[in-house]
Structure formats: structure tokens, C-alpha cells
Amino acid sequence: MKITVSINIGGMAFHIDEDAYTELKIYLRNLDRYFAKEPSSAEIMSDIEARIADLLKAKINDSKQVVTLQDVRDVIDILGTPEDISDDSGTGYERLRTVGYHRMYRDPDNRIIAGVCSGMAAYWRIEPWVVRVIFIIISLPGGLGILIYLVLWIVLPEAKTTAQKIEMKGDPVNIHNIKDSVRQEFDNVKEKMNL
Amino acid sequence: MNVENNKAQMRKGILEYCILLVISGNSCYASDIINKLKEAKVIVVEGTLYPLLTRQKNAGLLSYRWEESSQGPPRKYYELTDQGREYLAELDKSWDELVESVKLIRKK
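Quick mapping for you: the protein sequence lines, in order, are chains R and Y. The first sequence stops at residue 195 when you use the numbering used here, and every number in between is there. The second sequence stops at residue 1108 when you use the numbering used here, and every number in between is there.
In C-alpha cells:
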């Protein structure tokens, strides 16, 4: 048994498996970000959604009523990822910056108690034992660390889905990300100083 | 120098011309355009087409109308505007010139 989600794409309703839904959501979000530079990005996205609806509709029938992960992957192959599109059109786009969300979660895969320390470690890209040692040290005198731990346990959501696990770790560090974040930081400072 | 890269550049150069050519035949729905372009191996992924269509529409070369469809929501049908036809005529001329130039050089 699997959970399905109901979605509306291009004015058509689909039942879609949960994993397929996550994949499609990430894909659309990346495309949306890619086209954000275009003056009519909303129109482009609605045209693409209409096409996705057409392609998905061809994949379902009376004996197969639910859109699966494979269906979504087929559709993505046909339409192309932002990288494919920029290679294909070559109309002077910069290569896509897939700067994903970066959020702190509890990491259930590497947990000892509730995954608070491993989640923080994943967020900062350090070894979990470093965070654990710090917590133990600040817990020794008066138990402050334990209190902080409990609060974080309540506040931080657990990374359950694949998308959340990607968000937890952020983007892999590469030269583009570093360049982007430096540039972004520079722009922020420039804005603040009204230059 | 990389031959694949060079070939891709040539293909990209004629992409917008090809889109206008396809639409000049008769008004068509996005998937008709896609099928023709794919058949001619001018595009690899479909996503390439949509930003170009929107740009050509914003530039006044194309217009579209909504047409009811028996299989779902209404569809956009694209057609060339008068400005688009003039633009296409220019590109036609330029393409013929390019072909002639290459022919001339090849002969020697």
C-alpha cells in the first residue's frame, strides 16, 4: 500500500504517489528558479505545466490510475532539467545555480537520542561527535546543555522525506556555490550601505 | 576546438528561425511545434521551446489564441503576426545567403 496525493497541474487533476510528488515538486521548483530571470516566467511555467499535464495524462488509463515515480522521471527526461535546457538553447544563460533551501532538521539516520546533534552537524557540515562533545561540555556544570537539547528537540522538525534530507545538508560544496555565496554576501553588504 | 560544441552552436543559431518557420505553416499548438522540431533534430529537450516562444511573443513576432480542446483544458495556438512574417522573410533571405556563401567556398 502506498500513499497518494491529489494535485492539479495545468487545470487537470491527478493522483500521484508520494515519492513521485516530491520529485515533481523539486523539479518544478528548480525550473521556476531557472526561469525567474525571464520577464514572463509565470507564463513559461504555466505553459510547461500544461505540457506536463498532457504527458502525464498519456501515462494513465483505467487500469493504471496513479502517476508513479517512473512516470515523473520520464516526463523530466522529455522536458529536460534546467541544465539540459541551458545546454540546448544556449541563449546566453548562466549555468543554473541550484541553490537549494538549507534548513536545520533533526537527522534520524545518524541519531543517538533524537538526532539533534547529528542534524546540526549535517547543517554545518561537520562531524556529529564535535557537536556532541560541545553539548556534553555545556551540560556538565548545571545541565544547561540538556535544556537546550530538549528545546531543540521540540523546535527542530525531523528530516523525513528525501527532499528534507537534501535541504538539511544543503548543496554540495563546489566552486560555484562558494562563488555564489560570496557574491550574494557582497550584494547584501552593498545594499545595506546604499552604495 | 570541439566538433560537438561547434555543431551544437550551429543548431542553436537556427533554433529561433526554425520555430518561426514551423509556425508560419499554419497556427499550431505547442506539442505540434515540439514534434516538428524534434523530428528535425533541432531540439533535444522540450523545455527549451517554452522560453523562446514567450520571448518571440513578447517581441511581437507571435500571437496566440485559446482554443477549446476535447481532451482537457483549452490550448494555446500560436500564429505569426505581420511583424513576425517580415522578420521571418529577413531570416529566410539571410539563410539563403549563408547557404550560398558556404556553397561558393566549398566549390573552390
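Even for Gly, the Cβ is constructed at its ideal location relative to N, Cα and C. Computed from a prediction, not measured in an experiment: that's the story for all the values here.
Contact annotation: Gly-119 (chain R) and Met-45 (chain R) have beta-carbon atoms that are not nearer than 9 Å. The beta-carbon distance between Leu-1020 (chain Y) and Gly-1084 (chain Y), rounded to whole angstroms, is 6 Å. This is short enough to meet the 8 Å contact definition. When the beta-carbon positions are compared, Leu-1062 (chain Y) and Ile-1034 (chain Y) stay at least 9 Å from each other.
Our two residues, Asp-107 (chain R) and Leu-55 (chain R), have alpha carbons roughly 36 Å apart in a direct line. In the three-state DSSP reduction, Leu-1080 (chain Y) falls in the strand class (E or B). If you check each beta-carbon in the region 31-63 of chain R against every beta-carbon of chain Y, the ones closer than 8 Å belong to Leu-31, Phe-35, Glu-38, Pro-39, Ser-40, Glu-43, Ile-44, Asp-47, Ile-48, Ala-50, Arg-51, Ala-53, Asp-54 and Lys-57.
One Cα belongs to Ile-1105 (chain Y), the other to Glu-1097 (chain Y), and the distance between them is close to 12 Å.
With a threshold of 9 Å between beta carbons, Ile-154 (chain R) makes no contact with chain Y. Secondary-structure assignment with DSSP links Phe-14 (chain R) through a beta bridge to R:Ile-7. Secondary structure at Arg-125 (chain R): coil, using DSSP grouped into helix, strand and coil.
For Gly-1047 (chain Y), the three-state secondary structure derived from DSSP is helix. Fewer than three pairs of CB atoms, one per stretch, sit closer than 8 Å, so the region 10-27 of chain R makes no contact with the region 1076-1090 of chain Y. Within 8 Å of the CB of Ser-1031 (chain Y), the CB atoms of chain R belong to Arg-51 and Asp-54, in sequence order along the chain. Here the alpha carbon of Asp-1032 (chain Y) sits roughly 46 Å from the alpha carbon of Tyr-105 (chain R). Leu-144 (chain R) places its beta carbon less than 9 Å from that of Ile-138 (chain R).
Taking the Cα of Val-75 (chain R) as reference, the smallest distance to any Cα among R:His-102, R:Pro-157 and R:Ile-52 is reached at R:Ile-52. Asp-17 (chain R) counts as buried, since at least 16 other C-beta atoms from the protein chains shown sit within 10 angstroms of its C-beta.
Cβ neighbours of Pro-82 (chain R) within its own chain (closer than 7 Å, five residues either side excluded): Asn-30, Leu-31, Tyr-34 and Leu-96.
Of all residues in the region 4-32 of chain R, the ones placed with a Cβ closer than 9 Å to any Cβ belonging to chain Y are Gly-10, Gly-11, Met-12 and Leu-31, in chain order. Rounded to whole angstroms, the gap between the alpha carbons of Ile-126 (chain R) and Met-1010 (chain Y) is 47 Å. Using a CB distance cut-off of 9 Å, Val-1045 (chain Y) counts as an interface residue toward chain R.
Val-1045, Glu-1046, Gly-1047, Thr-1048, Leu-1049, Tyr-1050, Pro-1051, Leu-1052, Leu-1053, Thr-1054, Arg-1055, Lys-1057, Asn-1058, Gln-1071, Gly-1072, Pro-1073, Pro-1074, Arg-1075 and Lys-1076: these are the residues of the region 1045-1078 of chain Y whose beta carbon lies less than 9 Å from some beta carbon of chain R, given in chain order. In the three-state reduction of the DSSP assignment, Pro-39 (chain R) falls in the coil class, being assigned neither a helical nor a strand state. If you look at Glu-1016 (chain Y), you'll find it in the alpha helix (DSSP H) that goes 1003-1025. What Asp-84 (chain R) touches in chain Y, judged by beta-carbon distance under 9 Å, is Val-1044, Val-1045, Gly-1047 and Thr-1048, going in chain order.
Look at Thr-81 (chain R): its C-beta is under 9 Å from a C-beta on chain Y. When the beta-carbon positions are compared, Leu-152 (chain R) and Val-116 (chain R) come within less than 9 Å of each other. In this structure Ala-1030 (chain Y) is in contact with Asp-47 (chain R), their Cβ atoms being roughly 7 Å apart against a cut-off of 8 Å.
The Cβ atoms of Val-72 (chain R) and Tyr-27 (chain R) lie closer than 9 Å to each other.
Per the DSSP secondary-structure output, Cys-1028 (chain Y) pairs in a beta bridge with Y:Tyr-1078. In summary, Leu-1053 (chain Y) is buried, with 16 or more beta-carbon neighbours lying within 10 Å of its beta-carbon over all protein chains present.
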